[in-house]
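J.: In this text, residue positions in the sequence shown follow our numbering: the first is 352, and each later residue adds one. Ideal Cβ placement from N, Cα and C applies to all residues, glycine included. Before I ask anything, let me first share the structure, which is written out below as structure tokens.
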Amino acid sequence: MTTLAPVGATPQPGSTTKKSFGKTPDGQPVDLYVLTNKNGAEASITNYGGALVTLKMPDRNGKLADIVLGYDNADGYVADKSYFGALVGRYGNRIGHAQFVLDGKTYTLAKNNGDNSLHGGVKGFNKGLWAAKTLSAKDGQSLELSYRSKDGEEGFPGNLKVTVIYTLTDANALKIEYTATTDKKTVVNLTNHAYFNLAGQGSGDILGHLLMIDADQFTPVDAGLIPTGELRDVTGTPFDFHKPTAIGARIDQDDEQLKLGGGYDHNFVLRRGAYAEESPAARVVEPTSGRVMEVWTTEPGIQFYTGNFLDGKTIGKGGASYPKRNAFCLETQHFPDSPNQPKFPPVTLNHGERYHTVTTYKFSVEK
Ligand code: BGC
Numbered sequence: 352m353t354t355l356a357p358v359g360a361t362p363q364p365g366s367t368t369k370k371s372f373g374k375t376p377d378g379q380p381v382d383l384y385v386l387t388n389k390n391g392a393e394a395s396i397t398n399y400g401g402a403l404v405t406l407k408m409p410d411r412n413g414k415l416a417d418i419v420l421g422y423d424n425a426d427g428y429v430a431d432k433s434y435f436g437a438l439v440g441r442y443g444n445r446i447g448h449a450q451f452v453l454d455g456k457t458y459t460l461a462k463n464n465g466d467n468s469l470h471g472g473v474k475g476f477n478k479g480l481w482a483a484k485t486l487s488a489k490d491g492q493s494l495e496l497s498y499r500s501k502d503g504e505e506g507f508p509g510n511l512k513v514t515v516i517y518t519l520t521d522a523n524a525l526k527i528e529y530t531a532t533t534d535k536k537t538v539v540n541l542t543n544h545a546y547f548n549l550a551g552q553g554s555g556d557i558l559g560h561l562l563m564i565d566a567d568q569f570t571p572v573d574a575g576l577i578p579t580g581e582l583r584d585v586t587g588t589p590f591d592f593h594k595p596t597a598i599g600a601r602i603d604q605d606d607e608q609l610k611l612g613g614g615y616d617h618n619f620v621l622r623r624g625a626y627a628e629e630s631p632a633a634r635v636v637e638p639t640s641g642r643v644m645e646v647w648t649t650e651p652g653i654q655f656y657t658g659n660f661l662d663g664k665t666i667g668k669g670g671a672s673y674p675k676r677n678a679f680c681l682e683t684q685h686f687p688d689s690p691n692q693p694k695f696p697p698v699t700l701n702h703g704e705r706y707h708t709v710t711t712y713k714f715s716v717e718k
């Protein structure tokens, strides 16, 4: 049973603690929920943007480190342009030319990334205040976050009710369950934008992490990082992660797609497709700490992004700075620009339907 400890209390194993995290620009209080599992692993989540603020996991000697990038208070998340740990919606990733057509009607979005729409627009779900509720979970600690996105918000049709449940399990997994319903046909693509560094946030680059992705194909992009529509075989390219390969091994190769992304910033087509049970999508090993992260999801795609746009100017948690490639993201999702790509798995949600996806990040160690 989850108990909510008073503000300021020290987190106890198997508990959830609520703390003040600052205020929004218009003065609304922002909270931080600290979920601690029976092993002392910790996930803290703010109701501002639903962001995962800290994730503390043990290394091979049992020593905890915080393995996600973030900020010490709400102000950091209000100013953030990198989507550190945030819940991203209504449409995670890009929509080409910031428009799409549904049932013959054109919907126009803000161009907040060159000519395109990125991560839900100017004020995406990452800039909203979510309603938070602790839930009792039999195998860990859960936090339920809810957000109501109004018909027309950021140009998207339909009143959308969104619920996200974060669970930190006693087996050191972070499970994220997304549900949404609409009163009018719309498009939805929800994800979490955690930036991981399994050696510890602020500890240097992630080029030595070993990555495996269960994908035979990826979606090549144009100069605006919009998919061309092709599903390209990864064989013989720097995008082949069938075998564990250092992220940095090929990142600076003379490859057209790597040049367009400034490194990896691409969607991979997961081998088993969408709507199945949650299944393994990616596995990352950090050799010095021994930390291992597996990503399991029901989603058909995963955006692998190597923090190419990080510039070291942002001051993060504990005064850490985050230079280029100091973290990587594995954003589970439907493919970018799907509303304009008839051959990609569909992202439309109708009135009466229930959007439901699950992604779990499972942590362990290798000796
Ligand atoms: C995108 C990157 C972008 C980053 C932060 C990623 O999902 O693919 O191009 O810079 O998010 O917005």
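Under 7 Å, CB to any heavy atom of the ligand BGC. Which residues pass, going along the chain?
T.: S433, Y434, N444, L469, H470, H544, L576, D616, Q654, Y656, F660, C680, E682
J.: Taking C-alpha atoms, which residue in G443, G669, P674 lies nearest to D662?
T.: The residue with the shortest Cα to Cα distance from D662 is P674.
J.: Determine the contact status of I557 and F679, defining contact as a CB-CB distance below 7 Å.
T.: yes
J.: Starting from the C-beta of P364, find all residues in its chain whose C-beta is less than 6 Å away, skip the five residues before and the five after it, and write them out in chain order.
T.: T387, K389, G391
J.: Are the CB atoms of R676 and T657 within a distance shorter than 7 Å?
T.: yes
J.: By how many angstroms is the C-alpha of F592 removed from the C-alpha of N477?
T.: Cα to Cα, the separation comes out at about 30 Å.
J.: Under 6 Å Cβ to Cβ from L496, same chain only, skipping five residues before and after it: list those, please.
T.: The answer, listed in chain order, is G401, W481, A483, V515.
J.: Spell out a yes or no on whether the stretch 542-559 and the stretch 695-707 are touching, meaning 3 or more CB-CB pairs, one atom from each, closer than 8 Å.
T.: no
J.: Leaving out five residues on either side along the sequence, give the residues of the same chain with a beta carbon under 6 Å from the beta carbon of T405.
T.: Once the five neighbours on either side are set aside, the close Cβ partners of T405 are S395, D417.
J.: Answer with buried or exposed for H702, where buried requires no fewer than 16 other C-beta atoms within 10 angstroms of its C-beta.
T.: exposed
J.: Apart from the five residues just before and just after D490, which ones in its own chain have a Cβ nearer than 8 Å to its Cβ?
T.: T518, T520, D521, A522
J.: Using the beta-carbon count (16 or more within 10 Å), is P690 buried or exposed?
T.: buried
J.: Less than 6 Å between C-beta atoms, sequence neighbours within five positions excluded: which residues of the same chain meet that for L700?
T.: T533, T537, V539, Y706.
J.: On a Cα-Cα basis, can you pick out the residue from K664, V636, G447 that is closest to E645?
T.: V636
J.: In terms of DSSP beta bridges, what is S500 paired with?
T.: Looking at the DSSP output, S500 shares a beta bridge with L511.
J.: Considering only their Cβ atoms, is the gap separating G427 from T459 smaller than 7 Å?
T.: no
J.: Taking the straight line between their C-alpha atoms, what separation do you get for A671 and G471?
T.: 28 Å
J.: Helix, strand or coil for E645? Go by DSSP, reduced to three states.
T.: strand
J.: If you draw a straight line from the alpha carbon of L525 to that of G555, how long is it in whole angstroms?
T.: 24 Å
J.: Does the Cβ of V620 have 16 or more other Cβ atoms within 10 Å, making it buried, or fewer, making it exposed?
T.: buried
J.: Where Y498 and G559 are concerned, what is the direct C-alpha to C-alpha distance, given to the nearest angstrom?
T.: 38 Å
J.: Would you report the Cα separation of V572 and P638, rounded to the nearest angstrom?
T.: C-alpha of V572 to C-alpha of P638: approximately 31 Å in a straight line.
J.: Using DSSP with H/G/I as helix, E/B as strand and the rest coil, what is L549?
T.: coil
J.: Skipping 5 residues on each side, what residues in its chain have a beta carbon closer than 6 Å to that of G614?
T.: I602, T657, N659
J.: At the level of alpha carbons, what is the spacing between E717 and D410?
T.: 9 Å
J.: Are there 16 or more other CB atoms within 10 angstroms of the CB of R623, so buried, or fewer, so exposed?
T.: exposed
J.: Hey, out of E628, V585, N543, R634, whose CA is closest to L561's CA?
T.: R634
J.: To which residues does DSSP link I527 through a beta bridge?
T.: Y517, T710
J.: Taking the alpha helix (DSSP H) that Y384 belongs to, which residues open and close that run?
T.: Note, Y384: premise wrong, no alpha helix (DSSP H); beta strand (DSSP E) at 380-387.
J.: Hey, could you find the ends of the beta strand (DSSP E) V635 is sitting in?
T.: 630-636
J.: Does DSSP classify K594 as helix, strand or coil?
T.: coil
J.: Quick check: the Cα distance between P595 and I564, rounded to an integer number of angstroms?
T.: For P595 and I564, the distance between alpha carbons rounds to 8 Å.
J.: G669: which of Q552, D584, K462, L403 sits nearest, CA to CA?
T.: Minimum Cα distance to G669 is reached at Q552.
J.: Where does T353 sit, in a helix, a strand or coil, going by DSSP?
T.: Since pLDDT at T353 reaches only 48, below the 50 mark, its modelled position is unreliable, and the value read off the structure follows with that caveat. Coil, per DSSP.
J.: How would you write the range of the alpha helix (DSSP H) that K484 sits in, first residue to last?
T.: Element bounds for K484: not the alpha helix (DSSP H) but the beta strand (DSSP E), 482-488.
J.: What is the residue span of the alpha helix (DSSP H) that Q608 lies within?
T.: 607-612
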